[in-house]
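Under the working numbering, read the sequence shown as residues 1 to 396, first letter to last.
Positions of the beta carbon are idealized from the N, C-alpha and C atoms, including for glycine.
Reviewing the structure listed below.
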Amino acid sequence: MPQIDLRSIIESKAPGLLNRYPSIVVDPIIFFLNKVLYLNPINSFLEKNPDLRGIDFIDELFDHLDFSYVVSKKEKDRIPSEGRVIIVANHPLGGLDGLALIKLVSEVRSDVRIVVNDVLSGIDNLNELFLPIDIHQARLQSANLTRILSALNSESAVIIFPAGEVSRLTTKGIRDRAWNKGVLLFAKMSKADILPVYVKGRNSFFFYLFSLIWKNFSMFLLPGEMLRKKGMNISFRIGEPISTSAIFNGIDKPKHQIKLLRKHVQQIGNGGSGIYKTSRPIVQPMPVKLIRKKLMRSELIMKTPDDKHLFLVEPEDNYVILQEIARLREITFRRVGEGTGTKSDIDKYDRHYSHLVLWDNAESEIIGSYRIGLCRHLIRLNGIDGLYTSTLFEFS
Numbered sequence: 001m002p003q004i005d006l007r008s009i010i011e012s013k014a015p016g017l018l019n020r021y022p023s024i025v026v027d028p029i030i031f032f033l034n035k036v037l038y039l040n041p042i043n044s045f046l047e048k049n050p051d052l053r054g055i056d057f058i059d060e061l062f063d064h065l066d067f068s069y070v071v072s073k074k075e076k077d078r079i080p081s082e083g084r085v086i087i088v089a090n091h092p093l094g095g096l097d098g099l100a101l102i103k104l105v106s107e108v109r110s111d112v113r114i115v116v117n118d119v120l121s122g123i124d125n126l127n128e129l130f131l132p133i134d135i136h137q138a139r140l141q142s143a144n145l146t147r148i149l150s151a152l153n154s155e156s157a158v159i160i161f162p163a164g165e166v167s168r169l170t171t172k173g174i175r176d177r178a179w180n181k182g183v184l185l186f187a188k189m190s191k192a193d194i195l196p197v198y199v200k201g202r203n204s205f206f207f208y209l210f211s212l213i214w215k216n217f218s219m220f221l222l223p224g225e226m227l228r229k230k231g232m233n234i235s236f237r238i239g240e241p242i243s244t245s246a247i248f249n250g251i252d253k254p255k256h257q258i259k260l261l262r263k264h265v266q267q268i269g270n271g272g273s274g275i276y277k278t279s280r281p282i283v284q285p286m287p288v289k290l291i292r293k294k295l296m297r298s299e300l301i302m303k304t305p306d307d308k309h310l311f312l313v314e315p316e317d318n319y320v321i322l323q324e325i326a327r328l329r330e331i332t333f334r335r336v337g338e339g340t341g342t343k344s345d346i347d348k349y350d351r352h353y354s355h356l357v358l359w360d361n362a363e364s365e366i367i368g369s370y371r372i373g374l375c376r377h378l379i380r381l382n383g384i385d386g387l388y389t390s391t392l393f394e395f396s
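Written as structure tokens, this is what we have:
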């Protein structure tokens with residue numbers, strides 16, 4: 001079972017460094033660091049759970065620590081159940097907060113990843129969840145950028161702590177360092193919504209005191225801080241999603257945008273609504289079995305050679321299909337900076353018009369729809385206002 005090997009980590013970050021000194025110097029230092037970093041109990045836990053991966057490993061770790069988190073159902077429902085999204089948060093604990101956030105999001109969707117310091121790549125049990133970067137590089141490496149964008153473009157949820165390191169004690173209290181603008185680059189390039197999350201938690205007084213004396217070395221205390229969280233919990237405050245158009249509207253300097261985003265998250269933590277205009281979380285998908293059942297009762301217009309089915313769906317007794325169309329419509333328009341900002345894009349015309357619905361039989365999903373209706377029928381029911389085009393043109 002691969003364990004965390006401090007010598008290997010040092011060698012990967014500073015090749016040849018350990019070879020410059022005799023073992024009589026190196027060995028005591030490695031021994032001391034293993035103690036300070038609590039690597040022995042950590043490796044013992046890894047050795048006892050060699051086959052656990054991903055969320056199962058996190059579950060076992062939380063059981064071992066008797067550690068948990070608290071979040072309201074209303075705010076948990078703000079986590080999008082599908083589609084690309086960047087989840088940004090403050091970073092008070094430097095480890096467990098990230099694992100707890102992964103666990104929370106995994107209760108809503110399985111395609112969650114997290115951007116981490118590449119030193120953590122040594123934890124094989126969690127590698128499937130990690131998107132590693134070298135935080136000490138001035139510029140983001142192209143390979144790492146590609147991996148993060150690939151995850152977003154495949155419609156995954158990606159967690160990012162823009163501070164890049166654990167919160168420290170400042171004159172204003174426990175605060176993150178200045179946030180990195182890279183998260184804005186990912187949002188802009190992928191057109192992913194941003195979900196703001198505030199994590200309420202803190203490390204020990206000793207950690208913050210030591211950070212004031214020796215900031216760089218204090219990171220080595222984090223494994224011990226994690227083990228001290230036995231029997232404790234943290235709480236999450238989750239805001240509503242922010243579209244990229246809201247982030248980049250009228251403000252062209254990233255250093256100002258990232259400050260506003262950080263302030264937005266802080267206000268969420270204080271019980272406020274934040275700075276940016278937000279969107280309601282999109283409604284959950286309708287059950288596929290119900291959609292298929294309703295479609296099979298509708299008129300089949302044609303089948304395509306690649307197994308797409310075109311149906312004519314009447315609005316009566318087809319609430320499930322109309323709701324799924326409205327959900328997909330909102331997703332589609334949000335991606336181009338539009339949309340209603342509500343849970344789904346439905347209006348009164350959906351209930352009077354017929355709908356041409358294109359169904360992908362192989363993927364079991366609706367991939368297109370178009371409203372269609374006979375003018376004389378619609379006018380007879382609701383007058384000229386019964387036509388959707390009456391909202392666009394003035395008829396005489």
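Secondary structure at PRO254: helix, using DSSP grouped into helix, strand and coil.
Three or more Cβ pairs closer than 8 Å define a contact, and the region 317-336 meets that threshold against the region 350-362. Straight across, the Cα-Cα distance linking GLU363 with ARG109 is about 18 Å.
Contact between ALA157 and ILE87 holds, since their C-beta atoms are separated by about 6 Å, short of 8 Å. Excluding its 5 nearest sequence neighbours in each direction, VAL283 has C-beta neighbours in its own chain below 6 Å: ARG327, LYS343 and SER344, listed in chain order. PRO132 sits away from SER142, with the two beta carbons spaced by 8 Å or more. With fewer than 16 other CB atoms across the displayed protein chains lying within 10 angstroms of its CB, ASN270 is exposed. Residue pairing by DSSP puts SER235 in a beta bridge opposite VAL70 and LYS200. Collapsing the DSSP output to three states places PHE393 in coil. Between the region 183-201 and the region 78-86, the count of C-beta pairs closer than 8 Å reaches three or more; the two stretches touch. In the DSSP assignment, GLU365 is bridged to ASP360. By the Cβ criterion, the region 196-210 is not in contact with the region 35-46, since fewer than three pairs of Cβ atoms, one from each stretch, lie closer than 8 Å. For TYR370, DSSP records a beta bridge to LEU356. Residue nearest to LEU381 within the set GLU394, ARG371 and ARG351 is ARG351 (criterion: CA-CA distance). Around the C-beta of TRP214, fewer than 16 other C-beta atoms lie within 10 Å, and the residue is accordingly described as exposed.
For the region 251-337, the full-length alpha helix (DSSP H) segments reaching 4 residues or more read 254-269, 288-296 and 319-334 along the chain.
TYR69 is positioned such that its CB atom lies no closer than 8 Å to that of SER273.
C-alpha of PRO80 to C-alpha of ARG329: approximately 15 Å in a straight line.
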